[in-house]
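Below: one structure, written as structure tokens.
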């Protein structure tokens, strides 16, 4: 073997510190707290408008239980590093219609363009069937550009036209809708530049306003007045269950007329139910006409919350006729304001049996008796609730057909593909089977394409919520539109539509794996390597449960053809009810490695431990075309020291990618309920250590030698201002693999140090080399270090890159000087030969195996030459015979997991110079069954010379197991006397005796051949076969006699003969086999002139390649039967 070794200054390996958290700074954060009761923080989106960067935050409701919607807030960081949030006027110049906003606001952002969608409630006149119609607002560079109204209503008209013109019921629902019914509404200032036909207004019903006029005159007892209040309270609550946009006002009349609460106060929700109970009866006269006029002038007005386009209803509850009222009821009823108001009257008691009082009630009721209800007393009011509800707001379901786009909620989810097109989720379309709308804004009129499954599949997939989440994907040759349907088939699905040349097709379906997991409720497509091609699709299933809604995220890879292939699942199994995957966001390249990173929210994680501050965000870092499946960081709300005191549902939403804090690094925005949290990313650095030794090697001389080691650290990237409050702490440990140290620090030096990297990056160490017994093995030195930073700082602290094949220490080695005959490379020439005492192993016979080994070095010195001998465990080490020179030392053998033994022999330590080593290893073979048919012994010679390759020599020996088996027959000859008068048969017994030793249970076969037909004469048959051992099994068959075995002695050729062949399988040491034959004396008599003896042969057979009979010459036996005429003397058998 030829090997080469160069002499290094040191051998070097680096590892770095593993951190429990990576590069999101949780020590110094920015936060904004709006209101602990608001829905602020439900969605967050970072934006950049020129030099301005910030976060858009949605707040659908002002506070829990409130009916007052808010919208979108714009949050900026001021010069004092404080977050300031102001509400965005999504539709300048247009006041929000009261009671129409639904608490759903969605956001999408692309570049400097942002779109926000809000759901607006409506219902058809005289019906309780609610409608949800998305209204979307487009902002470019922070300025309102368009408002998109009537999206679903007009899409429904266009879809109806398509279905009308297509009689095929199997038509797919997706197709281009290019009707001129869909338009955007531009800002008011631009109206004069646009055709009026493009300026559509929402002319639908915008709510129902109900004014209750309560009689509080003195004729009503206190008990009955309470019953009237209970009736009003129950009615409001009952109506709200079906009519989300109904608003109420209560006016009481008696001696005075007063508004107990108006329509504005009604928007505070169930708070007004208590106000009903707090009403105090005014008493005295009954001024019904004046009370109704008060409603017209002081309730149904804009300042009190009334809308001009709302449906208006008055309900009068009274117990008697008008009394002492200065106004005439007819004058009030003829007021022009009263014409558009529906009026209902409830008369209580006997007073209305009188014609005059009843006439007054009919005058008030807008449709006479149809809107007039009477009861005997106040206790009967509760019975009117159902019929009153039907009269006032109709019966749900009277429309007849199943819902199509009435409750589509266009914009329930929204994705802004570019500045010219957006994707709107319509989760409520077609009985909540859902769908998605592709809205093209760069055409006039604007173009809508509605996509979902075929009509049949849609009918089967009711309540699938397709469009609950939407996104898009782009590959080089295809564009994809993706929507989640979290309730599809109970397990959830993601539907992927591909844009074809002129149309769209459903290209692929991804299916969830667990019922109720809400697979597809959150989607995030990611271009990991930033090459403009989507690499991954991440699908959230936040309700995936093992113990209880832990949550899971599914990762799919996207190929060039646009096909998604499952890659991995991400999960956190520690916390039940965490809802991991509720939010997923691309947060940009936060660790600056060239790949985008992902944040995943688990907003309920830890809520059982800390109900005021809970939720987590997990950071997954990207790598080439994929993401790492283990999170680099888990950020918990409860462990962020400077987070708001009340910070629930942390991770409800998340976004990132922009530098919001102007420190040069991207930040992550996280929404929690009522809060916005901005987390800074820390600069990630790579640390490389180097050591320069003087001298480079340790000279092998007596006495102490000093070395100087210069330890330096290189930092990439290095920005001095980031290290002003950071330092590197290091600790050096010498000769770490030796108990007896061969090197020490100079007196007074501990090997520990601190480097302030802004100014100093190197440290000099003076080392003293001590006298040694082992002056060849390199001295190994360990350097441990950590980067320590003061986290109380205005710029985020640097951190080591955890992915740089790193831990927190470095090893390097100081070699001793080597003599290579003035050459830079030591090149030994090693040759290995062996001679064995035998070429096979016979278990039970072979005692020792002697290996005579010769190792010759004809070249340069071979350093720390070692021979490893690996042999089967059935071979036991006995001894080694070594020469006086070079010294050969073998360690005691050790067992390996492979049921082999290994022994290490050092040869000529430390340097095996030009010479030969002749030695012998003697192994003893155990007398146990060998596990294999071959014994393999491996010799492996190695050294530590650089560039050395091991020298291997395998030795293979056949293995046999020994036994002894001797076969004998009867000691005396058998005689058969026959004559011409013989007419009967005779039984003859042939007995074979097997004796020996068979400790390894070698399978043996006793093979017996007996002639039964000679020259055509049937001379005998086998009558019985007897054995003495139960395990022995015998069988026989008749066939031509073997030509190699003698069957008789005859004067002439016997010709073709037939024999009975008996085979007995045995494994015992001893066995007797007796064959009883019935011989025909008559047939034998016919042969007597030619045949003198019959011969029965026995033979022990075995597999000679695996077994060895130590008594091989005694494995055959013959039994002869002499055939004689009757007059012959001998042993008669007849």
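Residue numbers (full-length UniProt numbering): 1 to 1134.
Positions of the beta carbon are idealized from the N, C-alpha and C atoms, including for glycine.
Can you check which of these residues, the options, is closest to residue i by C-alpha distance?
i            : options               : result
residue 961  : 939, 932, 986         : 932
residue 89   : 83, 110, 139          : 139
residue 539  : 211, 559, 486, 1050   : 486
residue 1062 : 1081, 1056, 1041      : 1041
residue 1007 : 1018, 994, 999, 1014  : 994
residue 74   : 61, 57, 81, 80        : 57
residue 769  : 798, 668, 707, 352    : 707
residue 632  : 465, 553, 727, 803    : 803
residue 348  : 334, 324, 751, 320    : 320
residue 790  : 730, 757, 725         : 725
residue 908  : 898, 866, 447         : 866
residue 59   : 554, 754, 72          : 72
residue 377  : 318, 1029, 343        : 318
residue 978  : 1037, 1055, 1093      : 1093
residue 1012 : 992, 1074, 1004, 1096 : 1096
residue 801  : 891, 888, 684         : 684
residue 27   : 679, 1036, 227        : 679
residue 830  : 297, 945, 630         : 945
Is it buried or exposed for residue i, if we count other Cβ within 10 angstroms and need 16 for buried?
i            : result
residue 929  : exposed
residue 710  : exposed
residue 608  : exposed
residue 1115 : buried
residue 1085 : buried
residue 762  : exposed
residue 50   : exposed
residue 716  : exposed
residue 819  : exposed
residue 500  : exposed
residue 422  : buried
residue 956  : exposed
residue 1098 : buried
residue 480  : buried
residue 884  : exposed
residue 196  : Residue placement at residue 196 is flagged as unreliable, the pLDDT there being 31, under the threshold of 50; the coordinate-derived value follows with that caveat. Counting Cβ neighbours within 10 Å, residue 196 comes out exposed, since fewer than 16 surround it.
For residue i and residue j, which I take to be in contact (beta-carbon distance under 8 Å), what is that distance rounded to the nearest angstrom?
i            : j            : result
residue 578  : residue 602  : 4 Å
residue 655  : residue 46   : 5 Å
residue 436  : residue 425  : 5 Å
residue 941  : residue 849  : Their Cβ separation, rounded to whole angstroms, is 20 Å, which puts residue 941 and residue 849 out of contact at 8 Å.
residue 53   : residue 659  : 7 Å
residue 1075 : residue 1010 : 7 Å
residue 316  : residue 286  : Their Cβ separation, rounded to whole angstroms, is 11 Å, which puts residue 316 and residue 286 out of contact at 8 Å.
residue 580  : residue 553  : 7 Å
Within the present structure, is the beta-carbon of residue i separated from the nearest heavy atom of the ligand SAM by less than 6 Å?
i            : result
residue 1004 : As presented, the structure is devoid of all ligands, the ligand SAM included, so that no description of it is given.
Worksheet item: At which residue ranges does the UniProt repeat "FG-GAP" (636 to 696) contain complete beta strand (DSSP E) runs of 3 or more residues, listed in the order of the chain?
Response: 653 to 658, 667 to 672, 675 to 681, 684 to 694
Discussion item. I'd like the ranges of any beta strand (DSSP E) spanning at least 3 consecutive residues and lying wholly in the region 334 to 393.
Written reply: Counting only unbroken stretches of 3 or more residues, the beta strand (DSSP E) elements lying wholly within the region 334 to 393 are 341 to 348, 372 to 375, in sequence order.
Discussion item. I want to know whether the region 919 to 937 touches the region 859 to 875 - three or more CB-CB distances under 8 Å.
Written reply: yes
Item to complete: Please list the segments of the beta strand (DSSP E) lying wholly inside the region 201 to 266, counting only runs of 3 or more residues, in order along the chain.
Response: As for any beta strand (DSSP E) of minimum length 3 sitting wholly inside the region 201 to 266, the runs are 208 to 215, 246 to 253, 257 to 261, ordered along the chain.
Item to complete: Assess, as a yes-or-no matter, whether the region 1012 to 1023 is touched by the region 1068 to 1085 under the definition of 3 or more beta carbon pairs within less than 8 Å.
Response: As far as the Cβ criterion goes, the region 1068 to 1085 touches the region 1012 to 1023, which means the pair count is three or higher.
Fill in: Touching by the beta-carbon criterion (3+ pairs, under 8 Å), the region 962 to 972 and the region 1043 to 1056
no
Item to complete: Starting from the N-terminal side, write out each stretch of the alpha helix (DSSP H) that is 4 residues or longer and does not extend beyond the UniProt repeat "FG-GAP" (567 to 629).
Response: none
Practice prompt. Count the CB pairs spanning the region 374 to 393 and the region 227 to 244 that are closer than 8 Å, and state whether there are at least three.
Written response: yes
Discussion item. Restricting to runs no shorter than 4 residues, where is the alpha helix (DSSP H) found entirely within the region 1043 to 1100?
Written reply: 1081 to 1087
Discussion item. Which runs of the beta strand (DSSP E) at least 3 residues long sit entirely within the region 702 to 742? Give them in chain order.
Written reply: 705 to 716, 726 to 733
Item to complete: Could you tell me whether the region 366 to 377 touches the region 439 to 448, where touching means 3 or more Cβ pairs closer than 8 Å?
Response: no
Practice prompt. Flag this pair as touching only if the region 488 to 502 and the region 512 to 519 have three or more C-beta atom pairs under 8 Å; answer yes or no.
Written response: yes
Fill in: Whole beta strand (DSSP E) elements within the region 32 to 88, 3-residue minimum
Inside the region 32 to 88, DSSP marks whole beta strand (DSSP E) runs of 3 or more residues at positions 44 to 49, 52 to 61, 69 to 77, 83 to 87, from first to last along the chain.
Practice prompt. Examine the Cβ distances between the region 214 to 223 and the region 267 to 274 and report whether three or more of them are shorter than 8 Å.
Written response: no
Fill in: beta strand (DSSP E) segments (min. 3 residues) lying fully within the region 441 to 487
447 to 451, 469 to 475, 478 to 485
Fill in: Within the region 835 to 919, ranges of the beta strand (DSSP E) (whole runs, at least 3 residues)
840 to 843, 848 to 857, 866 to 872, 875 to 881, 888 to 890, 900 to 907
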